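Just add 2 to wherever you are in the sequence shown, counting from 1, and you've got the working numbering. Every residue, glycine too, gets a C-beta built ideally from N, C-alpha and C. This one's a predicted model, so the numbers in the text were calculated from it and none came from an experiment. One structure below.
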Amino acid sequence: MSFPDFRMRRFGLTAAAAVAAVTMVTAAAAQSMVVRSTGPSAAKYPTGARLKPADKLTLVAGDRVVLMQSGKTRTLSGPGTFAATGTVQASQSLGGNVTRMLAKGPTMRSRGGFSRGPGDPIPAELRAPNLWLLDYREGGTFCVLDPALLMLWRPNMAGDTALEIESGGKKTTVAIVDGANFRKWPTDVLPVQYGADYRLSGGGLAQPVTVRFTAVENAPDTVEGSVDMLMAKGCTPQLNRLVETMSDAEAG
């Protein structure tokens with residue numbers, strides 16, 4: 003075999019590998035992933051399920067499935083039969099909310115809060131503007147990016163309130179003053195320990211909430227990576243927060 007023939011064959015193999023890689027990436031990009039599923043068919047289309055472009059979803063009344071493809075979401079509501087892929091026009095302004103949601107440095111400004119008058123209820127749909135803020139209304143597993151910067155967040159900015167935190171026989175009270183949404187987690191008294199349960203009560207909660215922390219070493223920069231990470235670690239409240247913000251961008 004001559005050297006030119008060898009080089010040509012090597013070039014052909016390299017080109018074939020490149021084409022195969024592009025084909026695989028294109029196929030992966032064309033897939034949709036279920037990022038939220040509620041209703042009678044939730045078990046049929048569980049969170050994390052990946053769907054091929056040719057797949058169809060048959061939903062009944064009461065079903066609501068949120069699909070993600072290429073960093074955008076589509077919300078499907080039953081009854082009806084729907085294609086797994088479709089075109090989504092996302093709002094650029096609301097897309098900025100998604101960017102803020104993924105930011106790795108939670109803002110200390112009192113943004114995203116709600117000021118209310120006497121007797122006015124707190125809107126249930128109001129959510130923390132960043133993934134790494136601990137909305138203490140939400141129980142379950144919470145992914146922590148940096149324990150030293152962990153911040154508590156509340157939707158209501160009006161009035162002083164006291165949140166009681168208890169874990170492992172230790173207890174402390176955290177005060178959040180009028181006009182503020184944020185308060186640093188009391189690491190001096192109750193350091194963040196992964197796998198331990200923390201019971202939160204007071205602070206406007208109707209009933210106590212239990213939170214358990216898990217570590218995040220390197221937070222993804224993309225929506226897709228963040229969704230995968232939150233699902234893998236079981237951080238459902240943060241996953242729901244991100245999906246809801248993405249769905250708002252879609253609706254806008």
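Once the 5 residues before and after residue i are set aside, which same chain residues still bring their CB inside 8 Å of it?
i     : result
Lys58 : Thr83, Phe84, Ala85 and Ala86
Which word fits residue i, buried or exposed, when buried means at least 16 other C-beta atoms lie within 10 angstroms of its C-beta?
i      : result
Lys54  : exposed
Gly98  : exposed
Ser228 : buried
Arg129 : buried
Asp65  : buried
Ser72  : exposed
Arg185 : buried
Asn220 : exposed
Reducing DSSP to helix, strand and coil, say where residue i ends up.
i      : result
Thr101 : helix
Glu226 : helix
Arg129 : coil
Glu246 : helix
Arg214 : strand
Ala45  : coil
Gln33  : coil
Thr175 : strand
Lys106 : coil
Met231 : helix
Glu166 : strand
Val77  : The question names Val, but residue 77 in the sequence shown is Thr. Three-state result, Thr77: strand.
Leu152 : coil
Thr238 : helix
Ala63  : coil
Ala85  : strand
Among residues of its own chain, excluding the 5 on either side of residue i, which ones have a beta-carbon nearer than 7 Å to its beta-carbon?
i      : result
Pro48  : Val36 and Ser39
Val245 : Val37, Arg38, Val68 and Thr75
Ala177 : Asp162 and Ala164
Ala217 : Val146 and Tyr196
Sorted by chain position, which residues of the same chain lie with C-beta nearer than 6 Å to residue i's C-beta, five sequence neighbours on each side aside?
i      : result
Met231 : Pro222
Thr75  : Val68, Met248, Ser249 and Glu252
Phe215 : Phe144, Val146, Val194 and Tyr196
Glu168 : Arg201
Glu166 : Thr175, Ser203 and Gly204
Ser79  : Arg66
Arg52  : Gln33 and Met35
What distance in whole Å lies between the Cβ atoms of residue j and residue i, which are believed to be in contact at a cut-off of 8 Å?
i      : j      : result
Gly205 : Arg243 : Incorrect: roughly 19 Å between the Cβ atoms, too far for contact.
Pro81  : Leu104 : With 8 Å as the limit, Pro81 and Leu104 do not qualify as a contact, their Cβ atoms being about 34 Å apart.
Ala234 : Thr189 : Not really, about 26 Å apart at Cβ, beyond 8 Å.
Could you tell me whether any non-hydrogen atom of the ligand HEM is closer than 8 Å to the CB of residue i?
i     : result
Tyr47 : Absent from the structure shown: the ligand HEM. Ligands present: none.
**Report entry** Contact between the region 205 to 214 and the region 126 to 139 (3+ Cβ pairs under 8 Å)
**Finding:** yes
Query - the region 164 to 175 / the region 236 to 243 touching (three or more Cβ pairs under 8 Å) - result: no
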